[in-house]
Amino acid sequence: MIGSAKPLAWAPLQARPPSTAGRRLAPSFCAPDTAPALQSQSDDGAPPPRPDETATSPALLRSSQLSRWSRSRGLRSGRRVGLDRAALSSASAPPVTKPSRPEDAAVAVEDGEDDDDDVCEAERDDAAGKAIYIVSDGTGWTAEHSVNAALGQFENCIADRGCAVNTHLIPLIDSMDQLLDVIKQAAKEGALVLYTLADPSMAEAAKKACDFWGVPSTDVLRPTVEAIASHIGVAPSGIPRSSPSRKGQLTEDYFQRIDAIDFTIKQDDGAQPQNLKRADIVLAGVSRTGKTPLSMYLAQKGYKVANVPIVMGVKLPKSLFEINQDKIFGLTINPVVLQAIRKTRAKALGFADGYQSNYAEMEHVRQDLAHANQIFAENPRWPVIAVTGKAIEETAAIIVRILQDRKEKCSMPRISKRY
Numbered sequence: 001m002i003g004s005a006k007p008l009a010w011a012p013l014q015a016r017p018p019s020t021a022g023r024r025l026a027p028s029f030c031a032p033d034t035a036p037a038l039q040s041q042s043d044d045g046a047p048p049p050r051p052d053e054t055a056t057s058p059a060l061l062r063s064s065q066l067s068r069w070s071r072s073r074g075l076r077s078g079r080r081v082g083l084d085r086a087a088l089s090s091a092s093a094p095p096v097t098k099p100s101r102p103e104d105a106a107v108a109v110e111d112g113e114d115d116d117d118d119v120c121e122a123e124r125d126d127a128a129g130k131a132i133y134i135v136s137d138g139t140g141w142t143a144e145h146s147v148n149a150a151l152g153q154f155e156n157c158i159a160d161r162g163c164a165v166n167t168h169l170i171p172l173i174d175s176m177d178q179l180l181d182v183i184k185q186a187a188k189e190g191a192l193v194l195y196t197l198a199d200p201s202m203a204e205a206a207k208k209a210c211d212f213w214g215v216p217s218t219d220v221l222r223p224t225v226e227a228i229a230s231h232i233g234v235a236p237s238g239i240p241r242s243s244p245s246r247k248g249q250l251t252e253d254y255f256q257r258i259d260a261i262d263f264t265i266k267q268d269d270g271a272q273p274q275n276l277k278r279a280d281i282v283l284a285g286v287s288r289t290g291k292t293p294l295s296m297y298l299a300q301k302g303y304k305v306a307n308v309p310i311v312m313g314v315k316l317p318k319s320l321f322e323i324n325q326d327k328i329f330g331l332t333i334n335p336v337v338l339q340a341i342r343k344t345r346a347k348a349l350g351f352a353d354g355y356q357s358n359y360a361e362m363e364h365v366r367q368d369l370a371h372a373n374q375i376f377a378e379n380p381r382w383p384v385i386a387v388t389g390k391a392i393e394e395t396a397a398i399i400v401r402i403l404q405d406r407k408e409k410c411s412m413p414r415i416s417k418r419y
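Residue 246 in full-length UniProt numbering is what sits at position 246 of the sequence shown, and the numbering runs on without skipping anything.
See the structure below:
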């Protein structure tokens, strides 16, 4: 939800020989990518055709968040969502009876084919929900996370199949032809287009094309850019991050993140305690409280993180109490949740039912947590964070805010960064 995107191969469609039976059109992104390139503009300079005249589209990337919701809907329903072919044909592409050229024709499929396995996943999913196209001239990280955050407001409806939604991430849009192809396909599917395009001319073209073809759209990035420009009194550059003019400029922040990730990997699970003094953040907690994934997330933010496990019968390293105590954070969790996590972990490690271990037994879990709480009580300068029900991003935000507040001594807790 919560990633990098690969460049899309802009492979158009190749028409198959028409059959004697009736035909229906499959969505263009379900077609093979071995055909010659299409032109979005005719040779005589005419404007690009309307959506009902061509059927081209880039490959579509499913949002990971929506994939999880889709699986949740399937589990709740107890059956696989069927495919409404009639609705799919009308929603995905208009009927074409006599294509003038192979380039202008979508892939023809015989009506007699009733096997759902012949339909690609994107087509199968689009039949059951409304489409949202996430379009970006970069990796699409900003737009995808903004959309996922907004969809969180409709989580119950989506999980209960009351308002099924399918998101399609289309990154690295760097030409007007690609942009028009995407919007034409969105018009065919009745999709919503949400875009982050740094180039003002591309953003304006996207808005005009969406208005022309009646596609609902929103510029996710532009309002924020304009607000910052007005606030600091400087015009934006309008150069996308993927532009060649911006490549090759590795900043100090970039190398700081790489160094932090390298340090954090080496300091995982209490390794090399002599290096704790070099850490920006030290996490302490019992097994399965999420220390390692939280450490890696913080490392990608540029923080050198070490994590120290709290285990009954094992003394904590002496160096832990010799470093600055303001950078140590304790993690705790609900015992019932912890037991469930440990059972899953034990099963993943291949522990059989007959294996003698108290690792996931409730009594041992409670003793582990009680031992950790005693250590936290003896060190009142360690903030203790209950991670139950919290996403890694939430816990990380709490830690960074407390850390920044302790350093800056601000009147209001905040996470500050100077550019």
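A virtual CB, placed ideally from N, CA and C, is assigned to each residue, including glycine.
For GLU204, does the count of other Cβ atoms within 10 angstroms reach 16, so buried, or fall short, so exposed? Translated into the one-based positions of the sequence shown, residue 204 becomes position 204. Under this definition GLU204 is an exposed residue.
Span of the alpha helix (DSSP H) holding SER319? On the sequence shown, position 319 is the one that residue 319 refers to. No alpha helix (DSSP H) contains SER319, which DSSP labels as neither H nor E.
6 Å CB neighbourhood of SER217 in its chain, flanking five on each side removed: By one-based count along the sequence shown, residue 217 stands at place 217. So the qualifying residues of the chain are VAL193, CYS210.
Ordered list of alpha helix (DSSP H) runs contained in the stretch 241-311, each at least 4 residues: 252-266, 291-300
Between THR292 and the rest of its own chain, which residues show a CB-CB distance below 8 Å, the 5 nearest in sequence each way excluded? For this step, residue 292 is matched to residue 292 along the sequence shown. So the list reads ASP268, ASP269, ASN307, once near-sequence residues are dropped.
Assuming TYR297 and ILE399 form a contact by the criterion Cβ under 8 Å, report the distance between their Cβ atoms to the nearest whole angstrom. By one-based count along the sequence shown, residue 297 stands at place 297. By one-based count along the sequence shown, residue 399 stands at place 399. Not a contact, Cβ separation roughly 10 Å.
Taking its Cβ as the centre, do 16 or more other Cβ atoms sit within 10 Å of ASN166, making it buried, or is it exposed? Stepping through the sequence shown from its first residue, residue 166 is reached at position 166. ASN166 should be labelled buried.
Nearest-angstrom Cα distance between LEU172 and ASP181? Against the sequence shown, residue 172 aligns to sequence position 172. Against the sequence shown, residue 181 aligns to sequence position 181. So the two alpha carbons sit approximately 13 Å from each other.
Is ILE281 near VAL305, with beta carbons less than 9 Å apart? Taking the first residue of the sequence shown as position 1, residue 281 is located at position 281. Taking the first residue of the sequence shown as position 1, residue 305 is located at position 305. Result yes, Cβ atoms of ILE281 and VAL305 sit closer than 9 Å.
DSSP has ASN156 in a bridge; who is on the other side? Against the sequence shown, residue 156 aligns to sequence position 156. DSSP lists no partner for ASN156.
Identify the residues that DSSP records as bridge partners of PHE329: which are they? Your numbering for residue 329 matches position 329 in the sequence shown. Answer is LEU283, bridged to PHE329.
Neighbourhood of LEU75 by C-beta, 7 Å cutoff - its chain only, sequence neighbours within 5 removed: Within the sequence shown, the letter at position 75 stands for residue 75. Any reading at LEU75 is ruled out, since the residue's pLDDT is 45, under 50, leaving its predicted position unreliable.
Own chain residues within Cβ distance below 6 Å of ALA131, not counting five before or after: Taking the first residue of the sequence shown as 1, we reach residue 131 at position 131. Within the same chain, ALA131 has close Cβ partners ASN166, GLU189, ALA191.
Please return the same chain residues whose Cβ sits closer than 8 Å to the Cβ of ALA235, not counting the five positions on each side in sequence. For this step, residue 235 is matched to residue 235 along the sequence shown. Answer for ALA235: ALA229, listed in chain order.
Over the uninterrupted alpha helix (DSSP H) stretch that includes ALA348, give me the two end residues. Counted from its first residue, the sequence shown places residue 348 at position 348. Element bounds for ALA348: 335-348.
I'd like to know whether the C-beta atoms of ILE310 and VAL286 end up nearer to each other than 9 Å. Residue 310 sits at position 310 when you count from the first residue of the sequence shown. Residue 286 sits at position 286 when you count from the first residue of the sequence shown. Yes; because the gap between Cβ atoms is below 9 Å, this pair is in contact.
For LYS266 and ASN358, what's the separation of their Cα atoms in angstroms? The residue labelled residue 266 in the question sits at position 266 within the sequence shown. The residue labelled residue 358 in the question sits at position 358 within the sequence shown. Cα to Cα, LYS266 sits roughly 29 Å from ASN358.
Does the beta-carbon distance from LYS301 to LEU403 come in below 9 Å? Here the question's residue 301 lines up with position 301 in the sequence shown. Here the question's residue 403 lines up with position 403 in the sequence shown. No, these two residues do not count as a Cβ contact at 9 Å.
By Cβ distance below 7 Å, which residues in the same chain neighbour GLN274 in space, the five residues on each side in sequence not counted? What you label residue 274 is simply residue 274 of the sequence shown in a count that begins at 1. Cβ within range, chain order: SER319.
Taking the Cβ atom as the reference point for each residue, do THR142 and LEU221 lie within a distance shorter than 9 Å? Taking the first residue of the sequence shown as position 1, residue 142 is located at position 142. Taking the first residue of the sequence shown as position 1, residue 221 is located at position 221. Contact flag set, yes.
Taking HIS168 as the reference, which of SER136, GLN325, SER175 has the closest Cα? Position 168 of the sequence shown holds residue 168. When each option's Cα is compared against that of HIS168, the closest is SER136.
Please say whether GLU144 and ILE158 have beta carbons closer to each other than 9 Å? Here residue 158 refers to the residue found at position 158 when the sequence shown is read from its first residue. Here residue 144 refers to the residue found at position 144 when the sequence shown is read from its first residue. In this structure, GLU144 does not lie closer than 9 Å to ILE158 by Cβ.
Spatial distance of LYS409 from GLY330 (CA atoms): The residue you call residue 409 lines up with position 409 of the sequence shown. The residue you call residue 330 lines up with position 330 of the sequence shown. Their backbone Cα atoms lie some 21 Å apart in a straight line.
Sort out for me which residues DSSP pairs LEU194 with in a bridge. In the sequence shown, counting from the first residue as 1, residue 194 sits at position 194. In DSSP, LEU194 forms a bridge with ILE134, THR218.
Round the Cβ separation of PRO240 and ASP199 to the nearest angstrom and send it over; I've been treating them as touching at under 8 Å. As a position in the sequence shown, residue 240 is number 240, starting the count at 1. As a position in the sequence shown, residue 199 is number 199, starting the count at 1. Rounded, the Cβ-Cβ distance is 6 Å, consistent with contact.
Here's the rule: buried if 16 or more other CB atoms are within 10 angstroms of the residue's CB, otherwise exposed. What is GLY162? Residue mapping note: residue 162 aligns to position 162 of the sequence shown, counting from 1. Exposed.
Taking the alpha-carbon of ASN334 as reference, which of SER201, GLY238, LYS390 has the nearest alpha-carbon? One-based indexing of the sequence shown puts residue 334 at position 334. Among SER201, GLY238, LYS390, the Cα nearest to that of ASN334 belongs to LYS390.
Can you give me the C-alpha to C-alpha distance between ASP368 and ASP405, rounded to a whole angstrom? Here residue 368 refers to the residue found at position 368 of the sequence shown. Here residue 405 refers to the residue found at position 405 of the sequence shown. Whole-angstrom Cα-Cα distance: 31 Å.
Would you list the one or two residues that DSSP bridges to ASN166? As a first step, residue 166 is located in the sequence shown; it is residue number 166 there, counting from the start. Bridge partners of ASN166: ALA131.
Please classify ILE173: does DSSP put it in a helix, a strand, or coil? One-based indexing of the sequence shown puts residue 173 at position 173. Coil.
In the DSSP assignment, the beta strand (DSSP E) including ILE385 goes from what residue to what residue? Taking the sequence shown and counting its residues from 1, the one referred to as residue 385 is at position 385. Element bounds for ILE385: 384-386.
Please state whether the Cβ-Cβ distance between VAL215 and ALA186 is less than 9 Å. If you number the sequence shown from 1, residue 215 lands on position 215. If you number the sequence shown from 1, residue 186 lands on position 186. Cβ distance < 9 Å, so VAL215 and ALA186 count as in contact.
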